[in-house]
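J.: Chains as they are written, first to last, in the working numbering: chain A, 1 to 345; chain B, 1001 to 1376. Built from N, CA and C at the ideal position, the CB exists for glycine as well.
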Amino acid sequence: MDLRLSPEQQDLRDAAARIVGRLGPRSVRDLDDAERTAKLDAAVEAAGWRELRAAGEAGAPLASAVEAAIVAEQLGEGLADVSFLGPTLAAELRRLAGAPPGTSRETVALGPGLSALTRAAGRGAVAVDAQGSASALVLVPAAGGHSLAKVLLRSLAAATQQVDLTRPGMTVEPQAPVAVPGAGRVLGPGDIQSWTALGLALTCADLVGTMAGAIGLACDYARSRRQYGAAIGSFQAVQHMLADAFVAMEGSRSAALYATWAVDALPPAEALAAASVAKAYCSRAARAGCEAVIQVHGGIGNTWDCLAHVYLRRALLSIDVLGGVGPSLARVLEHNGIGGCHGLC
Amino acid sequence: MDFADSPAEAGFRRRLREWLRDNNPGLPASSTSDEYWAGQAGWHQALYDAGFFGLSWPAGVGGQELPSVYDVIVDEELSSAGAPPRPSVGYLVQGILRHGSDDVKRRFLPGIVNGRDRWCQGFSEPEAGSDLASLTTRAEPAGDEYVINGHKVWTSYSDAAQWCMLLARTDPGVPRHRGLSAFAVPMRQPGIEQRPLRMINGVTREFGEVRFDGARVPAANMIGRPGEGWAVAMTVVSHEREPGELGYVARYTKVVNDLAAAVRGDPARFGSEQIRELGWAMVEAEMLRLHVRRRLSERLDGISHGPEGSVDKLLMTAAEQAVGHAALAVGGAPHAGGDDTWLNVYLYSRAQSVMGGTSQIQRNLVASRLLGLPAS
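1) Going along chain B in order, which residues have a C-beta closer than 7 Å to the C-beta of Asn336(A)?
2) Closest to Pro1141(B) by CA distance: which of Phe1183(B), Met1234(B) and Val1323(B) is it?
3) For the region 1003-1015 of chain B against the region 248-266 of chain A, do three or more pairs of beta-carbon atoms, one drawn from each stretch, fall closer than 8 Å, so that the two count as touching?
4) Hey, could you find the ends of the beta strand (DSSP E) Arg994(B) is sitting in?
5) Grab me the residues of Ser1273(B)'s own chain with a C-beta within less than 8 Å of its C-beta, minus the 5 sequence neighbours each way, in chain order.
6) For Pro168(A), is the classification buried or exposed, using 16 other Cβ atoms within 10 angstroms of its Cβ as the cut-off for buried?
7) Could you pull out every unbroken alpha helix (DSSP H) segment of at least 4 residues lying fully inside the region 1031-1081 of chain B, listed in chain order?
8) List the residues of chain B that Val163(A) touches, going by C-beta distances under 8 Å, in chain order.
9) So, with DSSP's three-state summary, where would you put Phe1212(B)?
10) By the 7 Å beta-carbon criterion, what residues does the region 1094-1127 of chain B contribute toward chain D?
11) Can you tell which of Ala69(A), Leu207(A), Ala42(A) and Ala46(A) has its C-alpha closest to the C-alpha of Arg53(A)?
12) Please find out if some non-hydrogen atom of the ligand ZN comes closer than 7 Å to the beta-carbon of Asn1201(B).
13) Kindly indicate which three-state DSSP category Arg1377(B) falls into: helix, strand or coil?
14) Tell me whether Ile300(A) is buried or exposed, calling it buried when 16 or more other Cβ atoms sit within 10 Å of its Cβ.
15) Residues in the region 302-332 of chain A with C-beta within 7 Å of chain B's C-beta atoms, listed in sequence order?
16) So who's on the other strand from His342(A), going by DSSP bridges?
17) Ignore the nearest five residues each way along the sequence and tell me which others in Pro1226(B)'s own chain have a CB closer than 8 Å to its CB.
18) Residue range of the beta strand (DSSP E) that Gln236(A) falls in?
19) Over what stretch of residues does the beta strand (DSSP E) that includes Phe84(A) continue unbroken?
20) Determine whether the beta carbon atoms of Cys1164(B) and Val1113(B) lie at a separation below 8 Å.
21) Answer with yes or no whether the minimum CB distance from Asn1023(B) to chain A is below 8 Å.
22) Return yes when the Cβ of Gly184(A) is within less than 8 Å of the Cβ of Pro100(A), no when it is not.
23) Identify, in the order they occur along the chain, each residue of the same chain with its Cβ nearer than 8 Å to the Cβ of His1151(B), setting aside the five sequence neighbours on each side.
24) For Ala1050(B), which residues in the same chain have their Cβ closer than 6 Å to its Cβ, ignoring the five residues on either side in sequence?
25) Is the separation between the beta-carbon of Leu1066(B) and that of Ser1079(B) shorter than 8 Å?
26) If Ser1158(B) and Gln1194(B) are in contact, beta carbons under 8 Å, what's the gap, nearest whole angstrom?
27) Give the interface partners of Asp219(A) over in chain B, defined as CB-CB distance under 8 Å, in chain order.
28) Give me the residue from Pro1025(B), Tyr1048(B), Gln1094(B) and Lys1105(B) with the minimum Cα distance to Gly1060(B).
29) For Ser1297(B) versus Arg4(A), is the C-beta distance shorter than 8 Å?
30) Helix or strand or just coil, what does DSSP make of Glu1127(B)?
31) Identify, in the order they occur along the chain, each residue of the same chain with its Cβ nearer than 8 Å to the Cβ of Ser1353(B), setting aside the five sequence neighbours on each side.
32) Please report the distance separating the alpha-carbon of Leu312(A) from that of Ile1096(B).
33) Any beta carbon from chain B within less than 8 Å of Ser224(A)'s own beta carbon?
34) What residue range does the beta strand (DSSP E) around Cys1164(B) cover?
35) Residues of chain B with CB under 9 Å from Glu77(A), in chain order?
36) For Tyr228(A), count neighbouring C-beta atoms within 10 Å of its own C-beta (all shown protein chains included) and say buried if the count is 16 or more, exposed if not.
This is the structure in structure tokens:
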């Protein structure tokens, strides 16, 4: 048992932090800077991070889920407004189905509410994290499970109508899905569990990063903003809100770390259980933490131009993708032999 | 980054699992009854004699100098076997290891580690709780001894203890943090009167109050130098905040497993609110297990505990109190008499946000030491 990152993993983390630090948005206004976003997108593309889960030798992924989560956390912390989650999950689906890598960028389509991969391109399906993607993968029923198909996407709507201002998604127009060439393997329940575990683990990593970024923003503000002649960060009421957010982030980090390791190391059902524990914990922590960050910013935190809401919005998408508190708790209970919905799903 | 056991870790886990098959004392979930506390010394000694206690401590005091992650393996196996948690004496060991002279270490540590000597911790006083440095118990030199007068309270295990790690004022003439010294005081002597306190769950054998009226302690029993008492106390309480040091993960997981079994046995009896509380207890207990693994793994780099102990204490508290809420929800409250086991697990959980430094003090420490927020 040794949970330290390898030197290569530390290098990856540092590289991701450098790129996001240099090209990520530093203000709400920066989100409208298309030139900067294009540079960030090109840097992520050049780094090959969207292909970490593509098939390498003997069908194994090029990199472990731990590496993918290291990138996701840094992108979350820096509010990176480029796609990663969607294309990574699409690459994983192709790998599991034995299909060759896509020729252009693609994402995945989730059902309404985002809590599961959509079984067909039915009404209300959402292509998540769709920036730069011309198509999205869906499942269609096949003997023994599901096979892989794709749907085409229109160009993206304006990001300001979205929950997450950094990772826009779009509704999938009703259409007949087209089979993905070369996707010869039927995806069974174990494949879907394994894929879901990866998706939950990556959203947890993004949430941990989002919390870290948001808490950093609030601490900076609490040190500089003065009321009653003192920095507001000197008041216990403010200190305890931020301490609670920080502590919950640390608990989230521990649970998320295990979930990412489990994706490649444990059987699918076990990996899904680990990911569900992490997702329930991280979802609760991230929403409460980002809300506290807005509260610490006071009136300013409730204005569009303060980055606090951009963190909260990013967290809200990560929470919903493949299920937040309710569906995750239900999975944890089911894994412990207590099936049923209990008002959770 | 690997959560899996190494071959050596797996072998250790197997040996422990086999040993537990024949040696689980079947004590009740800790802290819910006096029976647990009465059996604790025997359990400690059995674990030690079989080679499953004091794993990461120096060989010279009875340890095995193994990496700290072995303690996690012990906690996990104890909980999956439904055995009681390992005794919590690590904070005393760490305090003496760090501050005691070679003579003090040699005389006292082996008995703490092997469980033959029982110890209590005499820090808090009626007028010195969170504000520990205001304590007024005095230790005055008299020849090669010190004479002790004062009143300690919330003293865990005071009824069973042969020894007390006492924090007392040896120099009233200097600023309050600097006038304190720590001692190993023999409890069985005429100048000491011990009285058990009854906790809110009815337990009487966990903690008590101790009055010192002319009690005597050899100067050679001082832990650290004169005036080093505050540093000793800070070392002890910071370790007291670490779930990895305390072994509580086993206790939480055992309760959660028992509650889950109760629900599986008769699911129709439970509503969604009760099931949800149980789900959160599962999540919190598992989070803490993983958090302890992460923390103990950090020690492979030689990163020792620091202000992060306050984070760990708050996470441990949240886990214990979530487990307590599940115990109340699923176990039920005996409004007309009956089995009060689960009620008592819940009631005991309220102490976790007080003992070893309140949650409010821990938040202050997180804010100032980890978040860099200015002093209030």
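T.: From the atom records:
1) Ala1260 and Met1282
2) Phe1183(B)
3) yes
4) Outside the displayed range of chain B (1001 to 1376) lies residue 994(B), so it cannot be described from this structure.
5) The displayed chain sequence assigns Glu, not Ser, to residue 1273(B). So the qualifying residues of the chain are Ala1329.
6) buried
7) 1034-1049 and 1069-1080
8) By Cβ distance, chain B contributes nothing, its closest Cβ being about 25 Å from Val163(A), past 8 Å.
9) strand
10) Annotation note: the requested chain D is absent from the structure, which comprises protein chains A and B.
11) Ala69(A)
12) Absence of the ligand ZN from the depicted structure is noted, as is the absence of any ligand whatsoever, leaving it without description.
13) The first residue shown for chain B is 1001 and the last is 1376, placing residue 1377(B) beyond what the model contains.
14) exposed
15) Leu329 and Val332
16) DSSP output for His342(A) lists no bridge partner at all.
17) Thr1170, Asp1171 and Ser1181
18) Taken as a continuous stretch (DSSP letters only), Gln236(A) belongs to no beta strand (DSSP E), being part of the alpha helix (DSSP H) at Gln236 to Ala265.
19) Looking at the DSSP string, Phe84(A) is not in any beta strand (DSSP E), and its letter there is neither H nor E.
20) no
21) no
22) no
23) Glu1125, Pro1126, Thr1137, Glu1209, Val1210, Arg1211 and Phe1212
24) Trp1019
25) no
26) 5 Å
27) The identity of residue 219(A) in the sequence shown is Cys, whereas the question assumes Asp. Simply Leu1371, Gly1372 and Leu1373.
28) Lys1105(B)
29) yes
30) coil
31) Thr1317, Gln1321 and Ser1359
32) 47 Å
33) no
34) Trp1163 to Arg1169
35) None at all; the shortest Cβ gap to chain B is about 16 Å.
36) exposed
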